[in-house]
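Just below is one structure, and these are the notes that go with it.
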Amino acid sequence: MTRRSYLALLTSAVLGLATPSHAESWPTRPVTVVVSQAAGNSPDVLCRIIVDKLGKALGQQFVVENKPGAANLVGTQTVARAAPDGYTFLFATSAALVTNPYTFKKLPYDPIKDFVPVAMVARSNHVLLVNPEVKATTLPELIALEKLAPGSLSLAVDGPRNISGLIAQSINKQAGTNFVMVPYNTTTNAVQDIITGRIQVTIQSASVAEPFIAANTLRPLAVAGSTRVASMPDVPAISETLKSVDLQGWFMLMAPVGTPPEIVQKLSAEVARAISSPEVRERAPTLGFDVRIGDAVTPAGAKQFLDTELAATGKVIQGLGIQPE
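The numbering used here puts the first residue of the sequence shown at 1, with every later residue one more than the last.
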């Protein structure tokens, strides 16, 4: 047993001596929710909507603290090292929990050993888009167009080891295409370049894509995942053409390991109420999120979902031949 695991176990045992009263009175001071994304981004906006409801329901202030950077490492390890007292939580990305473990040789946290799932919050859909001048209106047409001149179409991604990059590589492998991936540090630059025609294709989150789709400056061809997106019902899923491309982003509320289980359960129940509220159900799709998540809103369901996603993502990354760096 590592020193950290021992301390977490000891802390949990000590807190457990007074668990009932501790959980009943919690929270007695402000609660911090760390977001590993920049302020103003759609995940940050969704998180703030939800934590506002949590604060009102629990009678205590919930404070969002943005700690972006280093592929979600900064914010994630901050919470991994936080005291497991019920006053620090992580609005975790799928990249932090199931992608980074396979793409980093040395990860400063363990998604399973350092955290306890509280609740699945939302899924984030990604969309394959083209400049309107590209002579393809469907994914099969785009594949055929690329095969006429292999390597002639550039595809903007957020990095080869991030979700859009993994989707792009999966398309290349499944379709036998050679889209040239161009990594961008910011979404803004990627979208600007595809609108001007410097890049022909991109994969972006639905929250980023939808305003440009509405303005007819970007054309959607397919959405990642196995089902269509409620806000874009006429856009086919990639899996309708390529069976193995079933990658999605998602967000889960996580607690440091050792956090009293009664607090985890209490917070999970309030998260379920928050994401079931009319305000969240109406606002989430406009931000590109789906909050219909079923049993994964419970700690046990979230844990099962996390374990499944971790194994599935590992197979995808290893199948693409990506080695950790």
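All residues carry an ideal CB built from backbone N, CA and C; glycine is no exception.
Cβ separation of residue i and residue j, assumed to be a contact under 8 Å, to the nearest whole Å
| i | j | result |
| --- | --- | --- |
| L139 | E146 | With a Cβ gap of about 11 Å, L139 and E146 do not count as contacting. |
| Q204 | V191 | 7 Å |
| R228 | P236 | 7 Å |
| G197 | M181 | Not quite, the Cβ-Cβ distance comes to about 18 Å (not below 8 Å), so this is no contact. |
| N131 | I213 | Their Cβ separation, rounded to whole angstroms, is 13 Å, which puts N131 and I213 out of contact at 8 Å. |
| W26 | I238 | Actually they do not touch by this definition, with Cβ atoms about 43 Å apart. |
Close beta carbons around residue i, own chain, < 7 Å, minus the five adjacent residues each side
| i | result |
| --- | --- |
| L287 | S42, V45, L46 and S207 |
| F305 | M120 and A296 |
| E210 | S231 and G288 |
| Q323 | none |
| R3 | Its pLDDT being 47, under 50, R3 is placed unreliably in this model, and the value from its coordinates should be taken loosely. Excluding residues within five positions, none has a Cβ falling inside 7 Å. |
| K315 | none |
| K135 | L145 |
| G151 | N178 and V180 |
9 Å Cβ cutoff met for residue i and residue j
| i | j | result |
| --- | --- | --- |
| N162 | T99 | yes |
| T313 | L247 | yes |
| A175 | L242 | yes |
| L267 | G86 | yes |
| A296 | A302 | yes |
| A71 | F115 | no |
| H126 | G40 | no |
| T187 | D234 | no |
| A57 | R283 | no |
| A255 | P108 | no |
| E279 | I49 | yes |
9 Å Cβ cutoff, residue i in contact with chain C
| i | result |
| --- | --- |
| A222 | Included in the structure is just one protein chain, with no chain C present. |
CA nearest to the CA of residue i, picked from the options
| i | options | result |
| --- | --- | --- |
| F89 | T308, V235 and V257 | V257 |
| Q156 | I167, V316 and Y109 | The question names Gln, yet the displayed sequence has Ala at residue 156. Checking every option, the nearest Cα to that of A156 belongs to I167. |
| E65 | L58, E309, F91 and T28 | F91 |
| T202 | Q169, V271 and G321 | Q169 |
| T277 | Q37, D52, A83 and P27 | Residue 277 is actually Ser in this sequence, not Thr. Nearest of Q37, D52, A83 and P27 to S277, Cα basis: D52. |
| T78 | G294, Q61 and A96 | A96 |
| T308 | P111, P211, N189 and E141 | P111 |
| N216 | P260, E133, P160 and S226 | E133 |
| V33 | V118, I143, E240 and I293 | V118 |
| Q318 | V31, P101, A57 and T93 | P101 |
| A300 | P183, P260, Q265 and W26 | Q265 |
| G321 | P160, I50 and G225 | P160 |
| Q200 | E325, M254 and I143 | I143 |
| M252 | K315, E270, A122 and T259 | A122 |
| A149 | F179, A80 and G225 | F179 |
| A80 | I293, P30 and K113 | K113 |
| G59 | L128, E270, T298 and I293 | E270 |
| L128 | A82, K106, Y184 and G225 | G225 |
| S124 | T137, T93 and E141 | T93 |
Beta-carbon contacts of residue i that lie in its chain and below 8 Å, excluding the five residues immediately before and after
| i | result |
| --- | --- |
| A348 | The chain is shown only over 1 to 325; residue 348 falls outside these bounds and no answer can be derived. |
| R281 | I275 and V291 |
| N189 | none |
| G294 | G301 |
| R29 | Q60 and Y87 |
| T298 | A119, S268 and A272 |
One or two residues paired with residue i in a DSSP bridge
| i | result |
| --- | --- |
| I203 | L128 |
| V182 | A156 |
| D295 | According to DSSP, D295 bridges with nothing at all. |
| N66 | V35 |
| P278 | In DSSP, P278 forms no bridge with anything. |
| W26 | Paired residues: none, contrary to the question. |
| L247 | L247 is not bridged to any residue. |
| T93 | F251 |
| P285 | DSSP lists no partner for P285. |
| P220 | L129 |
Same chain only: Cβ atoms within 6 Å of residue i, ignoring 5 sequence neighbours per side
| i | result |
| --- | --- |
| L73 | none |
| Q332 | Any question about residue 332 goes unanswered here, given that the chain covers just 1 to 325. |
| G55 | Q61 and F62 |
| T19 | At T19 the pLDDT is 45, less than 50, meaning the model places this residue with poor confidence; the figure from the coordinates comes in the next sentence. P260 and E262, listed in sequence order. |
| Y184 | A156 and A190 |
| V31 | F62 and Y87 |
| D193 | I199 |
| E24 | none |
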